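**Student:** Numbering (my numbering), first residue to last: 5 to 101. Sharing a structure here in structure tokens format.
Spelled out as structure tokens, the structure:
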């Protein structure tokens, strides 16, 4: 997995945890997760297909990608609506997860 995508996944995990615990003032360093959701999704799916082509057998990478796609697709209702607005099919994201 590319280091920049691994960082992006970690940031998305942190953002989801902050939302879960209702932290009132998240850091600005995580703004790219919400403002570039379409780029994040394309990167995740691209990594998924790259791993399938290379027959990458690393279970940790597969688990991390699946978890990231699942978290991406099962966000809040507001997130789901915004994803559909940018052309991301939630059912496809769940299938990839």
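We put the beta carbon where it would ideally sit given N, CA and C, even for glycine. Remember, predicted model here, so these are calculated numbers, not experimental data.
Within 10 angstroms of its Cβ, does residue 40 collect 16 or more other Cβ (buried), or is it exposed?
**Tutor:** That one is exposed.
**Student:** With DSSP run on the structure shown, which of helix, strand or coil describes residue 27?
**Tutor:** Residue 27: coil per DSSP, three-state reduction.
**Student:** Might you give, ordered along the chain, the residues of its own chain that have their beta carbon closer than 8 Å to the beta carbon of residue 50, omitting 5 neighbours on each side?
**Tutor:** Excluding positions up to five away in sequence, the list is empty.
**Student:** For my contact list, residue 44 and residue 16 are in at a C-beta cut-off of 8 Å; report their separation, rounded to the angstrom.
**Tutor:** Right, their Cβ atoms sit about 7 Å apart.
**Student:** Evaluate the contact criterion for the segment 56-75 versus the segment 85-101: three or more CB pairs, one atom per stretch, below 8 Å.
**Tutor:** They touch, by the three-pair rule.
**Student:** Please classify residue 90: is it buried, with 16 or more other beta-carbons within 10 angstroms of its beta-carbon, or exposed?
**Tutor:** So residue 90 counts as exposed.
**Student:** With 16 as the cutoff for other CB atoms within 10 Å, does residue 27 come out buried or exposed?
**Tutor:** Its Cβ having fewer than 16 others within 10 Å, residue 27 is exposed.
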